[in-house]
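Peer 1:
Residue numbers (full-length UniProt numbering): 1 to 297.
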């Protein structure tokens, strides 16, 4: 692994442009608020939280060689991430995500991760052709992977010898991309982090609670599943145990990135030796703190 790195974060690293308002909103609303531009993307959000928990993540992603890309790479380094192996495209622009949030939650969002998708397997070269790993001597550490990659590339990862020994943790980028995680049900290689809606899409049915959804993901082939259901419950399920907890009650001030925070906090807790029950508790508290606005954006 890259010197001083604790985990690889593979997927989207882009600019988040997010408008937030304290007002309840609906289609066509025009209200006062704040608009921010911050480093984002699923892999980036996970990496930022891992840094807050004392880990050093290495990014595998595609970032353009445009001025926005230069600024983004500089921001990643400043935040404590290793960008040595980032694929810098000469002809693809840096990706962006745009969202609008009101007091009643996420109103709408558009993820423009087309450059990441176009780069495809090029972002994985350090894992397959070195120096992070090779097919005959695969990488053996932790990997956080997001569903912004194409279905073809995710299918390749699910069977590739280069990932055979990794502790692979996978999350969809959004409900609209949840079904891209289906290869990891077929091949039972990864821990899946999904919300209730995403679990339903993967299993092609509706669920009333996180425990039922987590058990269904195991039945369909997942190695392990963590399912969240907002403020209602969260469940971690494996062949060894099924544990459900209720998140702390907090005032929700933001939602974009909450699932990524949950996943990263859970990974960090387990890396520090926490038990199954304690790791879930720590992840839920970290996510609750995040949505309440008490941690840095």
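Here a beta-carbon is modelled for each residue, glycine too, at the ideal position from N, C-alpha and C. Quantities reported herein were computed from a predicted structural model and do not represent experimental measurements.
What does DSSP give as the partner residue(s) for residue 102 in the beta ladder?
Peer 2: Note: residue 102 sits in a beta bridge opposite 105.
Peer 1: Quick one: what's residue 292 bridged to in DSSP?
Peer 2: Residue 292 is not bridged to any residue.
Peer 1: Hey, which unbroken runs of the alpha helix (DSSP H) at 4 residues or more fall wholly within the stretch 189-260?
Peer 2: 196-203 and 210-219
Peer 1: Out of 239, 150, 293 and 218, which has the shortest C-alpha to C-alpha gap to residue 122?
Peer 2: 150
Peer 1: Assign residue 58 to one of three DSSP states: helix, strand, or coil.
Peer 2: Here residue 58 sits in strand by DSSP.
Peer 1: Determine the burial state of residue 214: buried for a count of at least 16 other Cβ atoms within 10 Å of its Cβ, exposed for fewer.
Peer 2: Buried: at least 16 other Cβ atoms inside 10 Å.
Peer 1: Starting from residue 126, follow the alpha helix (DSSP H) in both directions and report where the run begins and ends.
Peer 2: 125-128
Peer 1: Using the Cα positions of residue 103 and residue 131, report the straight-line distance between them to the nearest angstrom.
Peer 2: Straight-line Cα distance between these residues: approximately 46 Å.
Peer 1: Can you tell me which residues form a DSSP beta bridge with residue 264?
Peer 2: By DSSP's assignment, residue 264 forms no beta bridge with any residue.
Peer 1: Is residue 166 helix, strand or coil by DSSP?
Peer 2: coil
Peer 1: For residue 99, I'd like the list of residues in its chain whose CB is within less than 6 Å of its CB, leaving aside the five on either flank, ordered along the chain.
Peer 2: 18, 109 and 256
Peer 1: With residue 83 and residue 59 assumed to form a contact (beta carbons below 8 Å), what rounded beta-carbon distance in angstroms separates them?
Peer 2: The Cβ separation is near 6 Å, so the contact holds.
Peer 1: Taking the alpha helix (DSSP H) that residue 78 falls in, what are its first and last residues?
Peer 2: 67-78
Peer 1: To which residues does DSSP link residue 89 through a beta bridge?
Peer 2: According to DSSP, residue 89 bridges with 64.
Peer 1: Please classify residue 91 as buried or exposed, where buried requires at least 16 neighbouring CB atoms within 10 angstroms.
Peer 2: exposed
Peer 1: So residue 144 is in the beta strand (DSSP E); what residue range does that whole segment cover?
Peer 2: It spans 142-146 - the beta strand (DSSP E) in which residue 144 sits, taken as one unbroken run.
Peer 1: Beta carbon of residue 162, beta carbon of residue 43: below 8 Å?
Peer 2: no
Peer 1: Could you work out which residue in 258, 254 and 241 is closest to residue 275 when comparing CA atoms only?
Peer 2: 241
Peer 1: For residue 36, report the span of its alpha helix (DSSP H) as first-last.
Peer 2: Looking at the DSSP string, residue 36 is not in any alpha helix (DSSP H); the run it does join, the beta strand (DSSP E), is 34-40.
Peer 1: Classify residue 152 as helix, strand or coil using the three-state DSSP reduction.
Peer 2: Look at residue 152 here: in three-state DSSP terms it is helix.
Peer 1: Cutting at 6 Å between CB atoms, please list the residues of its own chain near residue 252, excluding the five before and the five after it.
Peer 2: 291
Peer 1: If you draw a straight line from the C-alpha of residue 148 to the C-alpha of residue 23, how long is it?
Peer 2: 30 Å
Peer 1: DSSP three-state label for residue 4, please.
Peer 2: Its pLDDT being 49, under 50, residue 4 is placed unreliably in this model, and the coordinates cannot settle the point.
Peer 1: For residue 187 versus residue 158, is the C-beta spacing smaller than 8 Å?
Peer 2: Between residue 187 and residue 158, the C-beta spacing is below 8 Å.
Peer 1: With DSSP as the reference, identify every bridge partner of residue 96, one or two as the case may be.
Peer 2: 15 and 112
Peer 1: Residue 202 to residue 178, Cα distance in whole Å?
Peer 2: 6 Å
Peer 1: Taking the Cβ atom as the reference point for each residue, do residue 262 and residue 228 lie within a distance shorter than 8 Å?
Peer 2: yes
Peer 1: Which residues does DSSP list as the beta-bridge partners of residue 20?
Peer 2: 34 and 101
Peer 1: With distances taken between CB atoms, is the gap from residue 49 to residue 265 smaller than 8 Å?
Peer 2: yes
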